[in-house]
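Top line first, the protein sequences correspond to chains A and B.
Its first residue numbered 1, the first sequence is counted upward by one per residue in the working numbering.
Its first residue numbered 1001, the second sequence is counted upward by one per residue in the working numbering.
Virtual Cβ for every residue (Gly too), placed ideally from N, Cα, C.
Note that the structure is predicted; figures quoted are calculated from it, not measured.
Since the structure comes first, as structure tokens, the remarks are kept for the end.
Protein chains: 2
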Amino acid sequence: MKILLTVLDGLGGLPVKYGKTELELAKTPNLDRLATESALGLHIPVDVGITPGSGPGHLGLFGYDPLEVEIGRGVLEALGLGLEVRETDIAVRGNYATVRYEGNTPVVVDRRAGRIPTEENRRITQRLSEEISEIDGARIILAPGMEHRFALILRFESPLPPGSEKIRDTDPQKTGESPLPAVGENEDAEKIARIVNRFIEQASEILRDESQANYILLRGFSRRPDIPTFKERFNLKSCCIATYPMYRGLASLAGMEIIKPEGWSIEDEISSLEKEWDNYEFFFLHIKKTDSYGEDGNWKGKVSVIEEFDSLLPKILELKPDVLAITGDHSTPSVLKGHSWHPVPLLIKSPYVLGGTCERFTERECLKGEIGIIPAKKIMNLLRANALLIPKFGA
Amino acid sequence: MKILLTVLDGLGGLPVKYGKTELELAKTPNLDRLATESALGLHIPVDVGITPGSGPGHLGLFGYDPLEVEIGRGVLEALGLGLEVRETDIAVRGNYATVRYEGNTPVVVDRRAGRIPTEENRRITQRLSEEISEIDGARIILAPGMEHRFALILRFESPLPPGSEKIRDTDPQKTGESPLPAVGENEDAEKIARIVNRFIEQASEILRDESQANYILLRGFSRRPDIPTFKERFNLKSCCIATYPMYRGLASLAGMEIIKPEGWSIEDEISSLEKEWDNYEFFFLHIKKTDSYGEDGNWKGKVSVIEEFDSLLPKILELKPDVLAITGDHSTPSVLKGHSWHPVPLLIKSPYVLGGTCERFTERECLKGEIGIIPAKKIMNLLRANALLIPKFGA
Chain A
1 MKILLTVLDG
11 LGGLPVKYGK
21 TELELAKTPN
31 LDRLATESAL
41 GLHIPVDVGI
51 TPGSGPGHLG
61 LFGYDPLEVE
71 IGRGVLEALG
81 LGLEVRETDI
91 AVRGNYATVR
101 YEGNTPVVVD
111 RRAGRIPTEE
121 NRRITQRLSE
131 EISEIDGARI
141 ILAPGMEHRF
151 ALILRFESPL
161 PPGSEKIRDT
171 DPQKTGESPL
181 PAVGENEDAE
191 KIARIVNRFI
201 EQASEILRDE
211 SQANYILLRG
221 FSRRPDIPTF
231 KERFNLKSCC
241 IATYPMYRGL
251 ASLAGMEIIK
261 PEGWSIEDEI
271 SSLEKEWDNY
281 EFFFLHIKKT
291 DSYGEDGNWK
301 GKVSVIEEFD
311 SLLPKILELK
321 PDVLAITGDH
331 STPSVLKGHS
341 WHPVPLLIKS
351 PYVLGGTCER
361 FTERECLKGE
371 IGIIPAKKIM
381 NLLRANALLI
391 PKFGA
Chain B
1001 MKILLTVLDG
1011 LGGLPVKYGK
1021 TELELAKTPN
1031 LDRLATESAL
1041 GLHIPVDVGI
1051 TPGSGPGHLG
1061 LFGYDPLEVE
1071 IGRGVLEALG
1081 LGLEVRETDI
1091 AVRGNYATVR
1101 YEGNTPVVVD
1111 RRAGRIPTEE
1121 NRRITQRLSE
1131 EISEIDGARI
1141 ILAPGMEHRF
1151 ALILRFESPL
1161 PPGSEKIRDT
1171 DPQKTGESPL
1181 PAVGENEDAE
1191 KIARIVNRFI
1201 EQASEILRDE
1211 SQANYILLRG
1221 FSRRPDIPTF
1231 KERFNLKSCC
1241 IATYPMYRGL
1251 ASLAGMEIIK
1261 PEGWSIEDEI
1271 SSLEKEWDNY
1281 EFFFLHIKKT
1291 DSYGEDGNWK
1301 GKVSVIEEFD
1311 SLLPKILELK
1321 PDVLAITGDH
1331 STPSVLKGHS
1341 WHPVPLLIKS
1351 PYVLGGTCER
1361 FTERECLKGE
1371 IGIIPAKKIM
1381 NLLRANALLI
1391 PKFGA
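Right under this line is the structure:
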């Protein structure tokens, strides 16, 4: 039994030219053919009118309720920068900042340290990593991000008590003010806050001679959500094929095994899929660039990624998945240059669909489809049903 | 940012002639044009198969869950008769009734006092108001309704304890029986019930010489629901433009400011809208007559109101609202001569819709639209999303 969930990130769109959306403008002969013989519809990632971030968007697709399971900012940042987040970890989102000192008191001059170049960030993060590896039993793990951003993980020896991540941001959110101390909302959190404050102290000493990035501000203290894995919930041996760390990270939260394609192209990802086809029952294939171009407002780019995917679709079909889904985690209309609340086109191909309702795989055609408009969190049920994996309910 | 929610009361209908509904029979060139470039769909006011009253119908449109927020009968009656209902008030629905006396015991002969003419009601209510203004610290406020109906408010000096409105109806619901005393279900309610009984006593003394309306029966003791205002929930400076007191009252419960048009026509209401356009961010425009004609079973009348609205639509469009919604609070099919459970057509125009899915604004065309069929309580989210007012959920 093979189920393949293909996610074209930010797939849904709005009219950009001649009243047509990116999906409508794209020449997609293979998707068109598939659409005529598949079940089509749309899904609502979180709720009507709600624009999801990547975390909630994927949680829904993986069958979790994104309103119930929260992925903290720190965890998402860490996953996005390729760090593993364990249950013994506190994950934090960091900014390099510029401060001036009034006596010994730091005052924030630039919360983003002038958006230092990413290479500068790498150098500084490397420096901190080398000089600080452990504080009071907490391993210190750092990863550089883009410009001024980085991720911090405090890794402990044993699982942490509930609520121990409830630590206030140290970012005062404006210039001219002093960074705030980390303060825990309870005793367990306070213990960790003390370690955090010691880390800030040591880091600011080390960075004191930097001209721009001479301080750190921390936000979004959070922990890996304690959710049942894909295997536990669905008894499916599952894997994720994705080029970007964040999506691999999100899949790892759901307990999927992670396959790293050899290159960055969709073709590379499909090569990985072919290679791993015999090893798993459930495949989450993530394609990023539809979203990236949407965020840039580059509808032509988005159209070209859709067309590229279409040209490679025959390779996927040759694998003969029992159930094939193609959708997005949310819409990213080029005209909005960002994620949006609009329902996302959804296609499901299996031997057990009506088909014959839609002529193409587009936002407007999907409105005519047999799936209707459903919450994202129900898609996993539909895929498992089409794989004949859900037993009858009641007698 | 301007959001305009236009409610044509009881908008939805059923086939009345040539198999067509009121919306389908109406000639609406302006709505038709708008429909082609808008997001369309239908909303379910309360739940599938549930026929809503005006209270729940509007609560849903205002983004409250009509199954959670209850508006008592007394409050609705008082609002409908133009009374303000404060948090220090107990609102009650009253009937003038006819009793005969057996000794000193009144026995109900007619629960509606022969449906006395409304002018009679006004005279009698005036008389009571003049003779009873206060009982044991409660101000007595009366408003005449149609025929035998009136509203009573007991206004106290300070907010009332929770549950103090739990007072049993005094209407025995049949003739040949004595009116029941007001009885409180708890100590606080019992205190108020004693005031109510004193009011009934005094009123029946005053009315003793009336030939028909010589007694009062009270029902639906209730209080203003304690709900967060529109401003608190959505941070929108909002107003209501409505000709009928009940809808102004419902809007005031949600904390909207009330604009009273100078006349009774749709044109008068739109004049008010134009005048107030710079003063608010959210406008609730209520048009009553679609419902009134529906309730009368007068489908031609309902068609004519729809056509009248259509002819005035260009004036609304000239204001260039950022987000424009047109819908009803429920359906009132002329063939049913009353409210019904049928989903209500919904149109949303903003720069961020697909459009191109429907050719007209009718029940059947809306089924093809991009919104699908959604609960009424989600509409406010969709309007705010289209106004780009809802921040992204999660990262």
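DSSP lists S1331(B) as the beta-bridge partner residues of S1340(B). Counting every other CB atom within 10 Å of its CB across the protein chains shown gives M246(A) a total of 16 or more, marking it as buried.
Under a 10 Å Cβ-count criterion, G163(A) is classified as exposed, with fewer than 16 other Cβ atoms of the shown protein chains found around its own Cβ.
Counted as a single uninterrupted DSSP element, the beta strand (DSSP E) harbouring I259(A) occupies residues E257 to I259. If you compare the alpha carbons of T1036(B), P1052(B) and E1037(B) with that of H1043(B), the shortest gap goes to P1052(B). With its beta carbon less than 8 Å from one in chain B, E363(A) belongs to the interface. Counting only runs of 4+ residues, the alpha helix (DSSP H) found wholly inside the stretch 283-310 of chain A occupies 289-295, in chain order.
When rounded, the separation of the alpha-carbon atoms in E134(A) and I200(A) is 13 Å. At a cut-off of 8 Å between beta carbons, L313(A) makes no contact with chain B. Shown here, F1230(B) sits in a helix according to DSSP, grouped into three states.
Per the coordinates, the alpha-carbon of T88(A) lies some 13 Å from the alpha-carbon of D188(A). Per DSSP, reduced to three states, the secondary structure at P321(A) is coil, with no helix or strand assignment. Only those residues of the stretch 1338-1362 of chain B whose C-beta falls short of 9 Å from the nearest C-beta of chain A are listed: P1351, Y1352, V1353, L1354, G1355, G1356 and T1357.
Rounded to whole angstroms, the separation of the alpha carbons of I206(A) and V69(A) is 38 Å. DSSP places P1179(B) outside both helix and strand once states are collapsed to three, so it counts as coil. Straight-line measurement puts the Cα of E1077(B) at about 16 Å from the Cα of R1122(B). Interface annotation, I1390(B): in contact with chain A, CB-CB separation under 8 Å. R86(A) is the residue among R86(A), F230(A), R168(A) and I116(A) whose C-alpha sits nearest the C-alpha of E157(A).
Contact of I1044(B) with chain A is not assigned, every C-beta pair being separated by 8 Å or more. The continuous stretches of alpha helix (DSSP H) do not include R219(A), which lies in the beta strand (DSSP E) extending over residues Y215 to S222. Within the same chain, P52, P56 and P66 come within 6 Å of V46(A) by CB-CB distance, once the 5 residues on both sides are set aside.
Sequence-ordered contacts of the stretch 1373-1384 of chain B with chain A read I1373, I1374, P1375, K1378, I1379, M1380, N1381, L1382, L1383 and R1384 [C-beta pairs closer than 9 Å]. As computed with DSSP, F1150(B) is found in a beta bridge with G1094(B) and P1144(B). Less than 8 Å separates the beta-carbon of N1298(B) from that of S1334(B).
Under the three-pair Cβ rule at 8 Å, the stretch 1274-1285 of chain B does not count as touching the stretch 1100-1112 of chain B. For the 8 Å CB-CB criterion, V48(A) and K1378(B) form a contact.
In this structure the stretch 344-353 of chain A touches the stretch 4-16 of chain A; the number of beta carbon pairs closer than 8 Å is three or more. Excluding its 5 nearest sequence neighbours in each direction, M256(A) has C-beta neighbours in its own chain below 7 Å: F230, S238, C239, C240 and F284, listed in chain order. Straight-line spacing of the CA atoms in G220(A) and Q126(A) works out to 22 Å.
By the beta-carbon neighbour count (other beta carbons within 10 angstroms, threshold 16), P228(A) is exposed. Under DSSP, L1040(B) shares a beta bridge with L1347(B). Judged by DSSP secondary structure, L1014(B) falls outside any alpha helix (DSSP H); it is assigned neither H nor E. Per the C-alpha coordinates, the member of K302(A), L217(A), E147(A) and R248(A) positioned closest to E119(A) is E147(A). By the Cβ-count criterion, D1136(B) is exposed, with fewer than 16 other Cβ atoms from all chains shown falling within 10 Å of its own Cβ. Around C1366(B), the same chain offers L1040, G1041, L1042, P1345, L1346 and C1358 as residues with beta carbons nearer than 7 Å, after the five sequence neighbours per side are excluded.
Straight across, the Cα-Cα distance linking S340(A) with A1395(B) is about 13 Å.
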